[in-house]
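Okay, so here's the structure we're looking at.
Chains as they are written, first to last, in my numbering: chain L, 2 to 297; chain V, 48 to 231.
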C-alpha cells in the first residue's frame, strides 16, 4: 500500500511552508557543500584546522581501538601458529621476514656506502626518531588512503616527515594537530616516492595506484632490467626520506617498470616511528621561487 | 510476538503502557548519535591499503530515512555530512554536498514510487550508496585510473550486502528509541 504522502499536508499553510523550507535548506546545503568541495580541491590545506582539532578529540579513543586491534591481530597470529607448529612458529616467521628485509637493506647500504665513501668520505650519522606512536586510525571507507597517528605537534611531528614501521616506509606526514597527525599512505594515488633497486643503482619512481599496489616507473627507459622479487628501497632523492629504507617488492613486470607490493602493509603495522625530514635545506630550496619568477 | 500482545491495552512492543512513556531525549537523539558514530566507526576498525569498509555513516542515514521516514528532516544531510567530512578522508565538503543530494534524491524516488517493500528499499538504498561511492571517488582529488575503480569493487559489493543488515540494526535502534520508561 502506498503510504499517505508527506508532501501534501492538506490545507495548513504552516505545514506547507515547513516542507518548502526543508527543500530550500537541503538545496542550500548541497550548494554550500559544492563550494566547500571546490575550495578544498583547489587548496587542499584549507580545512586542516577543524579536521586536526576533530582528530585530536578522538585520538584517545583511537589509541584504545589500536591496542584492541593489535591484540586481536596477535591472537589471530598465534592461532595461525598453532595450526602448524605452535606459537613459536608465528614469531619465528615474523622474525625471519624482518631479517630478509634487513638483508636487502644491508645490501643497499653497502653499495651506498661504497659509492659515498668513494665520492666524499662522508660519515653517516644515525637518525633518531622524532616520535614513536601507534596508527590510531585510517580512512578505511574512502578511496583516498590516509592514516592517523597518535602523536602530533606536541611531540615534534611536522609535515613532510617520513613515517616508517620496523619493516619499511609507511607514508609521509601531511598535517598535524596537537596530538594527532594525518599520514599520506604509500598506496594513495597521490603518493610518489623516489626509489632504487636495493642491489644496484637502477632508479625509479614508486607511485601509488589506489588499489594496494605501487607502480614502479623507471627513470632511464630502455631494456627493462627488473626481475620479479626485486626489492626497492628509498633513494633519498627529493630530500624527504633518508636513503635505504625498504619500500616494495616487484610482483609483476610491465613495459616501463613494474608493479610492486608494499613491504610495510599498514594493516599489519602496530607501532610506527616518525623520522625527521632527511634534507630540510634541499626541500626549502625547492619551495623558494626562482628569482626570475618572483617579480612578473 | 502475537497479535494479542500487540493489540493489548496494557503493553505493546515498546513496553508496558501503564505509568510509562517515551523519552523525548532518546526519541530525538538516537538517530543522530547513531549516524555520527557510524561516521567515526570505519576509522578505528582497520588500517587497510585499499578502501574496504562501507560508508557506514551514509548507510545509517539512508536506513533511518527509509525505515522511519519523517524523523530526519530533508536538510539533515548538511550537518551530518559536515561531521563526516572531518573523518572520512574525502576532501572537505564532499559529504556535505553528496549527503544533501542523497536526501533530496530519496524524496524524488519516493514521490515517483510511493510503494514500500524490501526489494524497493534495497534498490533505493543501494542506488544511493553506489552513486555516492562512485561520485565521491571521482571528486576525491585522487589520480583517476582503472586500478582505482577496480579497487572499489570489493567495497561496493560489501556495501550492497551489508545494507539490509544495517537496516535491521536501525529497526532495533528504532525500537530502543521508542522504549517506554517510568516517568521521573
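For glycine and all other residues, C-beta sits at the position ideal for the given N, C-alpha and C.
Treat the numbers as computed from the prediction; the structure is a model and nothing was measured.
Beta-carbon separation of residue i and residue j under 9 Å?
i: residue 135 of chain V; j: residue 104 of chain V; result: yes
i: residue 145 of chain V; j: residue 34 of chain L; result: yes
i: residue 198 of chain V; j: residue 179 of chain V; result: no
i: residue 279 of chain L; j: residue 163 of chain L; result: yes
i: residue 206 of chain V; j: residue 106 of chain V; result: yes
i: residue 138 of chain V; j: residue 226 of chain L; result: no
i: residue 91 of chain V; j: residue 63 of chain L; result: yes
i: residue 111 of chain V; j: residue 99 of chain V; result: no
i: residue 74 of chain V; j: residue 222 of chain V; result: no
i: residue 148 of chain L; j: residue 215 of chain L; result: no
i: residue 202 of chain V; j: residue 101 of chain V; result: yes
i: residue 66 of chain L; j: residue 138 of chain L; result: yes
i: residue 224 of chain L; j: residue 204 of chain L; result: no
i: residue 69 of chain L; j: residue 89 of chain V; result: no
i: residue 78 of chain V; j: residue 220 of chain V; result: yes
i: residue 238 of chain L; j: residue 265 of chain L; result: no
I'd like to know whether the C-beta of residue i is nearer than 9 Å to at least one C-beta of chain V.
i: residue 242 of chain L; result: no
i: residue 297 of chain L; result: Any reading at residue 297 of chain L must be qualified, since the residue scores a pLDDT of 35, below 50, and its modelled position is unreliable; the value itself is stated next. Not an interface residue.
i: residue 140 of chain L; result: yes
i: residue 237 of chain L; result: no
i: residue 175 of chain L; result: no
i: residue 35 of chain L; result: yes
i: residue 45 of chain L; result: yes
i: residue 62 of chain L; result: yes
i: residue 167 of chain L; result: no
i: residue 255 of chain L; result: no
i: residue 48 of chain L; result: yes
i: residue 274 of chain L; result: no
i: residue 95 of chain L; result: no
i: residue 137 of chain L; result: yes
i: residue 32 of chain L; result: yes
i: residue 23 of chain L; result: yes
i: residue 133 of chain L; result: no
i: residue 67 of chain L; result: yes
i: residue 161 of chain L; result: no
Which residues in the same chain as residue i place their Cβ atom closer than 7 Å to its Cβ, once the five residues preceding and following it in sequence are excluded?
i: residue 179 of chain L; result: 57, 153, 154 and 155
i: residue 169 of chain V; result: 210 and 211
i: residue 160 of chain V; result: 167
Near residue i, what residues of its chain come up, given a Cβ to Cβ distance below 8 Å and the 5 sequence neighbours on each side ignored?
i: residue 281 of chain L; result: 240
i: residue 211 of chain L; result: 144, 146, 188, 189 and 190
i: residue 177 of chain L; result: 53, 153, 154, 158, 159, 160 and 183
i: residue 74 of chain L; result: 269 and 271
i: residue 121 of chain V; result: 150, 151 and 154
i: residue 110 of chain L; result: 245
i: residue 41 of chain L; result: 47 and 48
i: residue 227 of chain V; result: 61, 62, 63, 64, 67, 68 and 69
i: residue 301 of chain L; result: Outside the displayed range of chain L (2 to 297) lies residue 301 of chain L, so it cannot be described from this structure.
i: residue 96 of chain L; result: none
i: residue 229 of chain V; result: 66 and 67
Spatial neighbours of residue i within its chain, please: CB distance less than 6 Å, with the 5 preceding and 5 following residues excluded, ordered by chain position.
i: residue 192 of chain L; result: 185 and 209
i: residue 105 of chain L; result: 199 and 232
i: residue 97 of chain V; result: 198
i: residue 286 of chain L; result: none
i: residue 213 of chain L; result: 188
i: residue 85 of chain V; result: 103, 104 and 107
Going by the C-beta, is residue i closer than 8 Å to any heavy atom of the ligand FAD?
i: residue 284 of chain L; result: This structure simply doesn't include the ligand FAD, nor any ligand for that matter.
Answer yes or no: does any C-beta atom of chain L fall closer than 9 Å to that of residue i?
i: residue 147 of chain V; result: yes
i: residue 101 of chain V; result: yes
i: residue 218 of chain V; result: no
i: residue 202 of chain V; result: yes
i: residue 178 of chain V; result: no
i: residue 51 of chain V; result: Because the pLDDT of residue 51 of chain V is 49, which lies under 50, any placement of that residue in the model is unreliable, and the number read from its coordinates should be weighed accordingly. Cβ-Cβ to chain L under 9 Å: no for residue 51 of chain V.
i: residue 87 of chain V; result: yes
i: residue 192 of chain V; result: yes
i: residue 230 of chain V; result: no
i: residue 209 of chain V; result: no
i: residue 135 of chain V; result: yes
i: residue 90 of chain V; result: yes
i: residue 107 of chain V; result: no
Based on Cα-Cα distance, which residue from the options lies nearest to residue i?
i: residue 259 of chain L; options: L:206, L:242, L:147 and L:279; result: L:206
i: residue 129 of chain V; options: V:102, V:116, V:151 and V:83; result: V:83
i: residue 134 of chain L; options: L:196, L:142, L:60 and L:204; result: L:60
i: residue 275 of chain L; options: L:98, L:47 and L:242; result: L:242
i: residue 92 of chain L; options: L:107, L:37 and L:76; result: L:76
i: residue 253 of chain L; options: L:130, L:101, L:230 and L:114; result: L:230
i: residue 181 of chain L; options: L:49, L:20 and L:17; result: L:49
i: residue 142 of chain V; options: L:31, L:102 and L:171; result: L:31
### Task
Would you check if the segment 270 to 280 of chain L and the segment 166 to 184 of chain L touch, i.e. whether three or more CB-CB distances between them fall below 8 Å?
yes
### Query
Is the number of C-beta pairs between the segment 174 to 190 of chain V and the segment 212 to 221 of chain V that are closer than 8 Å three or more?
no
### Query
Is the segment 121 to 131 of chain V touching the segment 19 to 29 of chain L, taking contact as three or more C-beta pairs under 8 Å?
yes
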